[in-house]
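Chains as they are written, first to last, in the UniProt record's numbering: chain A, 1 to 242; chain B, 1 to 248.
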């Protein structure tokens, strides 16, 4: 409870005594590159293979000749949009982005860079953390859209290349009984996950004390706690919105 | 002038500062000395607002920094320059950007004016040529000098230096000490230096405060420090064999 209380106080401090808006614009853009653009490669690789594996494993489980093959595409589409693209992408990002945020802030803390900001009269948490949170909330949905597209496309490539399903059946499956709210749901999840990952990781990094060992521990704790928070929020959102 | 009155600080059961008081005058380089763990750095952090003491006052020209309203604290902070032990330079910014950072954040100066001011400060510490280098590309001594340049870029009234010589060779240490003293004289800054370096004490110690187990045991200058009759201070000063032999 003590940590939870500190976390909420930390969140409050992000919005108190903020700097001029122009300062944040540049910082948010820099963080968008750091958090978003620099994660495109890993997100692309992971999502393409997950889509491919989902397609192959779904086909493996379809033993009845009465079930049309287009159902493979339906399963790839729905599992991708509802779960794999937002959740798996964000779990991967909690490792990449979360550890980066916690490690960066932890290092700034132990090398007195955060103290230097405070002494200048700058709200260090707001200056350092708010741009990361905003950039995450902008870039994560974009990465999830990319992941969803590549995952479905990965399923298509794997399915047709392995002769599991014809291109026509796959496309027909993708179009069958599509619920547009699935996309909205995935985007809502990505924004919530982005907030959780960026704030938890920042919290862990910002309050690091000690030396290099503690920075490593803060990064590990950031990834672990972010993953747990993402999975818990995933369940809650599914219960609330579906 | 900076005046501290009865500063007390504890961490858990440990008393770090047990009622430290003192005055630091403009144009003076005042040293706070003592062994490791005697509370020097905590005292400095109390003075610059990074640590809140349980009791006591820190007065900047009569303005109470610790209980002052937000505007007063902000105003006082803008009159401070701090040189941290490791320099505390921002890794992602060049040397020039580091020095110009307070100007970017805290002033409405034009871009050219800010660059001119940052370059002037770099020139003052003899590092104009390193303006475009990253902190990771410069030596420890250069980092300290960049830290000094950043600390003076806003024309501070108060300069705080936390162990400016730690990790430096004796020659570079002396250069840093001379630089601090010159800047203090030139701009009539109230300078407070935390150190346990004997060379610094003898070179720039116009006023010296000795801390021992969180208490001020002695106050004087470099000319009187060797003739004190405080055993703890003598033990600290003559820890070095060479100095012991010289004294004998």
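From the three backbone atoms N, C-alpha and C, an ideal C-beta is built for every residue, glycine too. Values in this document were obtained by computation on a predicted structure and should not be read as measured data.
Measure from the alpha carbon of residue 121(B) to the alpha carbon of each residue in 100(B), 178(B), 80(B), then state which is nearest. Measuring C-alpha to C-alpha distances from residue 121(B) to each of 100(B), 178(B), 80(B) identifies 100(B) as the nearest.
Evaluate the contact criterion for the stretch 55-72 of chain B versus the stretch 131-149 of chain B: three or more CB pairs, one atom per stretch, below 8 angstroms. The stretch 55-72 of chain B is not in contact with the stretch 131-149 of chain B.
Proximal residues to residue 34(A) (C-beta, below 8 angstroms), its chain only, five neighbours per side dropped: Taken in chain order, the residues that qualify are 100, 135.
Under 7 angstroms from the C-beta of residue 118(A): neighbouring residues of chain B: Within chain B, the residues near residue 118(A) are 50.
Does any CB atom of chain A fall closer than 7 angstroms to the CB of residue 192(B)? Answer no: the Cβ-Cβ gap between residue 192(B) and chain A never drops below 7 angstroms.
Determine whether the Cβ of residue 122(A) lies closer than 7 angstroms to any Cβ atom of chain B. The C-beta of residue 122(A) comes closer than 7 angstroms to at least one C-beta of chain B.
Straight-line Cα distance separating residue 80(B) from residue 215(B): Going by the C-alpha atoms only, they are around 25 angstroms apart.
Residues of its chain near residue 78(B), where Cβ-Cβ distance is below 7 angstroms and the 5 sequence neighbours each way are ignored: Here the set comprises 106, 154.
Checking contacts by CB at 7 angstroms: is residue 11(B) closer than that to chain A? No, its Cβ sits nowhere closer than 7 angstroms to a Cβ of chain A.
Three Cβ pairs or more, each shorter than 8 angstroms: is that satisfied between the stretch 230-239 of chain A and the stretch 166-186 of chain B? Under the Cβ criterion (8 angstroms, minimum of three pairs), the stretch 230-239 of chain A does not count as touching the stretch 166-186 of chain B.
Which residues in chain C have a C-beta closer than 7 angstroms to the C-beta of residue 111(A)? List them in chain order. The structure shown contains no chain C; its protein chains are A and B.
Report the option in 97(A), 63(A), 110(A) whose CA atom is closest to the CA atom of residue 38(A). Minimum Cα distance to residue 38(A) is reached at 97(A).
Just curious, the beta strand (DSSP E) that residue 151(B) is in, first and last residue? Where residue 151(B) is concerned, there is no enclosing beta strand (DSSP E), although the alpha helix (DSSP H) it sits in stretches over 140-152.
CB-CB under 6 angstroms to residue 48(A), same chain, minus the five flanking residues each way: which ones, in chain order? Closer than 6 angstroms at the Cβ level, and outside the excluded window around residue 48(A), lie 150, 154.
Which residue's Cα is closest to the Cα of residue 31(A): 133(A), 68(A), 185(A)? For residue 31(A), the nearest C-alpha among the options comes from 133(A).
For chain A, find out if any of its Cβ atoms is closer than 7 angstroms to the Cβ of residue 114(B); answer yes or no. Answer no: the Cβ-Cβ gap between residue 114(B) and chain A never drops below 7 angstroms.
Closest by C-alpha distance to residue 54(A), when choosing among 66(A), 67(A), 73(A), 65(A): Nearest Cα to residue 54(A) within the set 66(A), 67(A), 73(A), 65(A): 73(A).
Candidates 231(B), 85(B), 148(B), 8(B): which alpha carbon is nearest residue 119(B)'s? Of the residues 231(B), 85(B), 148(B), 8(B), the one whose Cα lies closest to the Cα of residue 119(B) is 148(B).
Applying the 10 Å Cβ sphere with the 16-neighbour rule, what's the burial state of residue 176(A)? Around the C-beta of residue 176(A), fewer than 16 other C-beta atoms lie within 10 Å, and the residue is accordingly described as exposed.
If we define contact as Cβ-Cβ less than 7 angstroms, is residue 105(B) a contact residue for chain A? Yes, its Cβ sits closer than 7 angstroms to a Cβ of chain A.
Going along the chain, which residues of the stretch 2-29 of chain A sit with their C-beta nearer than 8 angstroms to a C-beta in chain B? Going along the stretch 2-29 of chain A in chain order, one finds 17, 19, 23 with a Cβ nearer than 8 angstroms to chain B.
For the stretch 203-210 of chain B against the stretch 24-37 of chain B, are there 3 or more C-beta pairs whose distance is under 8 angstroms? Contact holds: three or more Cβ-Cβ distances are below 8 angstroms.
Cβ-based burial, residue 227(B) [other Cβ within 10 Å; buried from 16]: The residue in question, residue 227(B), is exposed, as its Cβ has fewer than 16 Cβ neighbours within 10 Å.
The alpha helix (DSSP H) with residue 50(A) in it runs from where to where? Residue range 40-61 is occupied by the alpha helix (DSSP H) that includes residue 50(A).
I want to verify the contact list: residues of chain A whose CB lies under 7 angstroms from the CB of residue 74(B), in sequence order. Think of a sphere of 7 angstroms around the beta carbon of residue 74(B): the chain A residues whose beta carbon falls inside it are 121, in chain order.
Can the beta-carbon of residue 137(A) be found less than 7 angstroms from the beta-carbon of residue 194(A)? The answer is yes: Cβ separation under 7 angstroms.
If you measure between the beta carbons of residue 88(B) and residue 113(A), is that distance less than 7 angstroms? Contact: yes.
Find the residues of chain B that neighbour residue 115(A), judging by a C-beta separation of less than 9 angstroms, and give them in chain order. Those are 45, 48, 50, 82, 84, 88, listed as they occur along chain B.
I want to verify the contact list: residues of chain A whose CB lies under 7 angstroms from the CB of residue 102(B), in sequence order. For residue 102(B), the residues of chain A that pass the 7 angstroms Cβ criterion are 120, in the order they occur in the chain.
How should residue 60(A) be labelled, buried or exposed, when 16 other C-beta atoms within 10 angstroms of its C-beta is the threshold for buried? Residue 60(A) should be labelled exposed.
Residues of chain A with CB closer than 9 angstroms to the CB of residue 78(B), please, in chain order. Proximity of chain A to residue 78(B) at the Cβ level (cut-off 9 angstroms) is accounted for by 120, 121, in chain order.
Use the C-beta contact count for residue 212(A): other C-beta atoms within 10 angstroms, 16 or more gives buried, fewer gives exposed. Per the 10 Å Cβ criterion, exposed.
Using the Cα positions of residue 98(B) and residue 128(A), report the straight-line distance between them to the nearest angstrom. Cα to Cα, residue 98(B) sits roughly 15 angstroms from residue 128(A).
Presumed contact (8 angstroms Cβ cut-off) between residue 163(B) and residue 195(B), rounded CB distance: Yes, they are in contact, since the Cβ atoms of residue 163(B) and residue 195(B) sit about 6 angstroms apart, within 8 angstroms.
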